[in-house]
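Asks: Numbering (this note's numbering), first residue to last: 71 to 146. Take a look at the following structure, please.
Here you go:
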């Protein structure tokens, strides 16, 4: 897996959810914004204290989690 030095987990921050650099911005918040159709530039404008690499690492972390966990989905 690629280096994810910007993703942190601390039980005292956002209930221990994976966050960016210890801030109160979770990986889920970023992935949710991208999934809703927002561009990386729009996310950075909404969270001006984030850097492009923060967003990219959040996406890589989420992709890694999706590959590592088996999730049962309803059949189409």
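For every residue, glycine included, the Cβ atom is placed at its ideal position computed from N, Cα and C. Only a predicted model underlies this, so the values are computations on that prediction, with no experimental measurement involved.
Who are the near neighbours of residue 204 in its chain, counting only those whose CB is closer than 8 angstroms to its CB and skipping five residues on each side?
Replies: Since the first and last residues shown for the chain are 71 and 146, residue 204 lies out of range.
Asks: So what's residue 97 in DSSP terms, helix, strand or just coil?
Replies: Here residue 97 sits in helix by DSSP.
Asks: Alpha carbon to alpha carbon, what distance is there between residue 107 and residue 94?
Replies: When rounded, the distance between both Cα atoms is 22 angstroms.
Asks: Which stretch, first to last residue, makes up the alpha helix (DSSP H) that contains residue 129?
Replies: It spans 122-138 - the alpha helix (DSSP H) in which residue 129 sits, taken as one unbroken run.
Asks: Express the C-alpha separation of residue 96 and residue 90 in angstroms, rounding to a whole number.
Replies: Cα to Cα, residue 90 sits roughly 6 angstroms from residue 96.
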